[in-house]
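See structure below.
Number of protein chains: 2
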Amino acid sequence: METLKRLGVFDSGLGGLTVLNEICKYNTGLDVVYFGDTARVPYGSRTVETINRYAEQDVRFLLSEGVEAILIACGTVSTNCLPALKRTFSLPIVGVIDAGCEAALAATKTNRIGVIGTRATVNSRAYERRIRELRPEVRTWGVECPLFVPLIENGFAPDDPITVMTVERYLSAFRDTGVDTIIMGCTHYPFLTETLERFMPEVTFINVGKALSRRLTASFRMPEEKTPNRVSYFVSDEDTGFLEIARRYLDAVRADNVQKVNIEQF
Amino acid sequence: METLKRLGVFDSGLGGLTVLNEICKYNTGLDVVYFGDTARVPYGSRTVETINRYAEQDVRFLLSEGVEAILIACGTVSTNCLPALKRTFSLPIVGVIDAGCEAALAATKTNRIGVIGTRATVNSRAYERRIRELRPEVRTWGVECPLFVPLIENGFAPDDPITVMTVERYLSAFRDTGVDTIIMGCTHYPFLTETLERFMPEVTFINVGKALSRRLTASFRMPEEKTPNRVSYFVSDEDTGFLEIARRYLDAVRADNVQKVNIEQF
Chain X
242 METLKRLGVF DSGLGGLTVL NEICKYNTGL DVVYFGDTAR VPYGSRTVET INRYAEQDVR
302 FLLSEGVEAI LIACGTVSTN CLPALKRTFS LPIVGVIDAG CEAALAATKT NRIGVIGTRA
362 TVNSRAYERR IRELRPEVRT WGVECPLFVP LIENGFAPDD PITVMTVERY LSAFRDTGVD
422 TIIMGCTHYP FLTETLERFM PEVTFINVGK ALSRRLTASF RMPEEKTPNR VSYFVSDEDT
482 GFLEIARRYL DAVRADNVQK VNIEQF
Chain S
242 METLKRLGVF DSGLGGLTVL NEICKYNTGL DVVYFGDTAR VPYGSRTVET INRYAEQDVR
302 FLLSEGVEAI LIACGTVSTN CLPALKRTFS LPIVGVIDAG CEAALAATKT NRIGVIGTRA
362 TVNSRAYERR IRELRPEVRT WGVECPLFVP LIENGFAPDD PITVMTVERY LSAFRDTGVD
422 TIIMGCTHYP FLTETLERFM PEVTFINVGK ALSRRLTASF RMPEEKTPNR VSYFVSDEDT
482 GFLEIARRYL DAVRADNVQK VNIEQF
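Chains as they are written, first to last, in the numbering used here: chain X, 242 to 507; chain S, 242 to 507.
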């Protein structure tokens with residue numbers, strides 16, 4: 242196994258910065274190229290055909306930047322496009338599903354697991370299928386939470402009454418299911434962790450970015466240098482609003498010096 | 242003046258159906274081609290450069306469908322791109338600004354007018370500039386309401402407590418301004434008219450689609466045939482969720498037989 246030197250990470254927007262943040266916490270000596278497709282966000286409400294086309298362009302852009310492996314920090318792409326991307330491209334591509342499912346299975350005691358995500362992620366049932374493959378006796382429930390991303394991207398704080406009421410609305414669907422573990426199947430959702438935990442304190446919420454960055458070593462040989470990670474940021478459209486939010490919430494990542502890409506050329 | 246037979250209408254999504262609805266209420270004998278850019282919605286949070294590129298593609302698609310004039314049913318495009326589009330293309334192109342401003346000026350008694358819209362619409366200050374040109378003594382206030390479109394597109398009813406709380410949050414910015422008229426500068430917002438009016442019953446909310454369709458006769462000679470209007474629908478991505486919402490709310494428009502367009506080819 243060659244040591245991974247240059248890793249590509251992409252997301253439909255800048256929500257994947259939560260994943261990047263976790264990677265940078267748990268690793269050193271990496272060159273990371275981050276691409277956020279801010280011109281075409283959100284992917285979650287698009288058709289699978291469109292999401293596939295976008296995801297291929299995202300991978301081709303990262304290849305042009307010389308990355309040796311790609312981490313898909315987008316729940317929607319991971320759930321809908323990963324098998325097709327692996328067939329099309331020869332470099333290693335890792336999504337958030339496996340790590341998220343394994344972390345959830347390690348956490349559950351009731352064998353009842355919930356999944357929250359965008360419409361496309363929940364409808365794909367990708368987490369639920371993978372959980373059933375790994376442990377068939379586990380029961381799963383998926384709940385679409387389509388307003389969470391707009392709330393976060395438009396600056397509604399996690400403790401804003403509108404955010405809290407929306408969290409309560411969506412999570413009420415889990416009442417009477419007995420789930421003790423819920424996978425946050427969208428990389429934006431870690432921004433809401435405290436609000437989610439306050440409404441369902443008995444539940445373990447799985448941050449798939451954290452789960453993924455912890456098990457990167459299972460997929461790749463990571464650098465041994467203890468030098469700081471170097472991150473290059475690219476977006477397809479400027480979105481200073483979200484960068485501001487990112488700076489406020491993320492600790493292990495500096496998001497500045499962002500370059501713009503015309504993603505439709507790839 | 243030639244009689245207008247074939248009119249093109251476009252919006253970033255399907256919110257422009259509220260404008261189409263008004264056109265179909267007040268006119269007959271028209272062929273209308275409606276395009277909703279559902280693959281790239283929302284425009285409101287993109288940069289002006291990106292919105293300009295999208296709007297040019299939208300116009301080129303409608304031209305390929307043989308329309309003789311174009312009505313921009315999108316507040317974001319009307320406010321940001323209309324002068325550039327008029328320079329680039331020779332057919333008549335009409336936006337929502339002028340009609341909205343004239344209706345607001347006819348309604349106000351206090352000479353204090355509010356504008357609500359997406360971030361791009363409000364930041365463009367296009368309504369406010371036009372109002373000042375027409376009547377310099379009028380004072381204006383613009384307020385961004387970026388969560389309204391996601392609420393509507395994700396099926397939150399106008400009387401849902403989360404919708405009501407969001408309306409109250411955004412509209413509270415008009416407290417102490419003395420506005421008696423507010424322009425709904427986004428074609429989705431007519432879905433929320435009752436909720437807006439309930440919170441500010443003393444205010445007249447201007448539906449720019451209604452204002453525009455009433456004064457189409459000022460820009461074009463309209464057909465005299467009393468035959469029903471014929472509408473062809475095109476979208477850049479399927480979005481059955483919003484079509485369902487449209488069917489529930491609109492009365493003068495039937496939204497079925499929708500065809501798909503690859504808008505990036507134009």
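In this text, a Cβ means the ideal position worked out from N, Cα and C, and glycines have one as well.
Closer than 7 angstroms at the beta carbon, the chain S residues around A280(X): Those are R287 and T291, listed as they occur along chain S.
For chain S, is any of its Cβ atoms less than 7 angstroms away from the one on L255(X)? Not an interface residue.
Within a Cβ cutoff of 6 angstroms, which residues of the same chain sit near I513(S), ignoring the five residues on either side of it in sequence? This structure cannot speak to residue 513(S), because chain S is shown only from 242 to 507.
Is the Cβ-Cβ distance between A310(S) and L248(S) less than 7 angstroms? In contact: A310(S) and L248(S) (Cβ atoms closer than 7 angstroms).
Once you ignore the five residues that flank V499(S) on each side, which residues in its own chain have a CB closer than 8 angstroms to its CB? So the qualifying residues of the chain are Y474, F475, V476, E479 and L484.
Can you check whether the CB of T362(X) is closer than 7 angstroms to the CB of T320(X)? Using a Cβ distance threshold of 7 angstroms, T320(X) and T362(X) count as a contacting pair.
How far does the beta strand (DSSP E) with R471(X) in it reach, from first residue to last? First-last of the beta strand (DSSP E) with R471(X): R471 to V476.
Residues that R488(X) contacts on chain S, provided the C-beta gap is smaller than 9 angstroms: Ordered by position in chain S, no residue passes the 9 angstroms Cβ test against R488(X), which lies about 18 angstroms from the chain.
Taking L388(S) as the reference, give the member of V318(S), T407(S), I372(S) and R370(S) with the closest Cα. Of the residues V318(S), T407(S), I372(S) and R370(S), the one whose Cα lies closest to the Cα of L388(S) is T407(S).
When you compare the region 302 to 318 of chain X with the region 299 to 310 of chain S, are there three or more beta-carbon pairs, one atom per stretch, that lie closer than 8 angstroms? In this structure the region 302 to 318 of chain X does not lie against the region 299 to 310 of chain S, because fewer than three pairs of beta carbons, one per stretch, are closer than 8 angstroms.
Whole angstroms are fine: how far does the CA of R353(X) sit from the CA of T418(X)? About 8 angstroms.
Beta-carbon neighbours of N407(S), restricted to chain X and to distances below 7 angstroms: Residue identity check: residue 407(S) is Thr in the sequence provided, not Asn. I403, listed in chain order.
Taking C-beta to C-beta, are G383(S) and V356(S) nearer than 7 angstroms? Less than 7 angstroms separates the beta-carbon of G383(S) from that of V356(S).
Helix, strand or coil for A310(S)? Go by DSSP, reduced to three states. If DSSP states are grouped into helix, strand and coil, A310(S) belongs with the strands.
Run through chain X and tell me which residues come within less than 8 angstroms of R410(S), C-beta to C-beta. Contact of R410(S) with chain X by beta-carbon distance below 8 angstroms involves I403.
Using beta carbons (cut-off 7 angstroms, strictly below), is L388(X) in contact with chain S? For L388(X), the answer is yes, since a Cβ of chain S falls inside 7 angstroms of its Cβ.
Can you check whether the C-beta of E297(X) is within less than 7 angstroms of a C-beta belonging to chain S? So no, E297(X) is outside the interface.
Proximal residues to L375(S) (C-beta, below 8 angstroms), its chain only, five neighbours per side dropped: Excluding sequence neighbours, L375(S) sits near C342, E343 and L346.
How far does the beta strand (DSSP E) with R360(X) in it extend, from its first residue to its last? Per DSSP, R360(X) belongs to no beta strand (DSSP E); it is in the alpha helix (DSSP H), R360 to S365.
Kindly identify the DSSP beta-bridge partner or partners of K501(S). DSSP, once it has assigned bridges, lists V476(S) as partnering K501(S).
Hey, out of V260(S), R287(S) and R281(S), whose CA is closest to V274(S)'s CA? Nearest neighbour of V274(S) by Cα position, chosen from V260(S), R287(S) and R281(S), turns out to be V260(S).
Per DSSP, what are the beta-bridge partners of I334(X) in this structure? Partner residues in the beta bridge of I334(X), as assigned by DSSP, are I311(X).
Hey, T349(S) and T422(S): beta-carbon distance below 7 angstroms or not? Yes, these two residues count as a Cβ contact at 7 angstroms.
List, in order along the chain, the chain X residues whose C-beta lies closer than 9 angstroms to that of D478(S)? Annotation: Cβ neighbours of D478(S) in chain X (cutoff 9 angstroms, chain order): S286, R287, T288, E290 and T291.
Hey, would you say V335(S) sits closer than 7 angstroms to S253(S), going by beta carbons? The answer is no: Cβ separation not under 7 angstroms.
Compute the Euclidean distance between the alpha carbons of M441(S) and S454(S), then round it to the nearest angstrom. Rounded to whole angstroms, the separation of the alpha carbons of S454(S) and M441(S) is 25 angstroms.
I'd like to know if P399(S) contacts chain X, where contact means its C-beta is closer than 7 angstroms to some C-beta of that chain. Closer than 7 angstroms to the CB of P399(S) there is not a single CB belonging to chain X.
May I ask which residues mark the beginning and end of the alpha helix (DSSP H) holding E394(S)? Where E394(S) is concerned, the enclosing alpha helix (DSSP H) stretches over F389 to E394.
Residues in the same chain with beta-carbon distance under 8 angstroms from A414(X), minus the five sequence neighbours each way, listed in chain order, please. The answer, listed in chain order, is W382 and V384.
Any C-beta of chain S sitting closer than 7 angstroms to the C-beta of N364(X)? Interface residue (Cβ-Cβ distance to chain S less than 7 angstroms): N364(X) is not classified as such.
For N395(S), would you say it is in contact with chain X, using Cβ-to-Cβ distances shorter than 7 angstroms as the test? Yes - at least one Cβ of chain X is within 7 angstroms of the one on N395(S).
Presumed contact (8 angstroms Cβ cut-off) between L208(X) and F446(X), rounded CB distance: The structure shown does not extend to residue 208(X), since chain X is modelled only from 242 to 507, so the question has no answer here.
Return no unless some Cβ of chain X is closer than 7 angstroms to the Cβ of P469(S). So no, P469(S) is outside the interface.
Looking at the unbroken beta strand (DSSP E) that takes in E385(S), where does it start and where does it end? Counting along the chain, the beta strand (DSSP E) containing E385(S) begins and ends at R380 to E385.
Whether N364(S) touches C322(S) by CB criterion (7 angstroms): No; because the gap between Cβ atoms is not below 7 angstroms, this pair is not in contact.
Proximal residues of chain X, C-beta to C-beta of L392(S) below 9 angstroms: Here the neighbours are L388 and P391.
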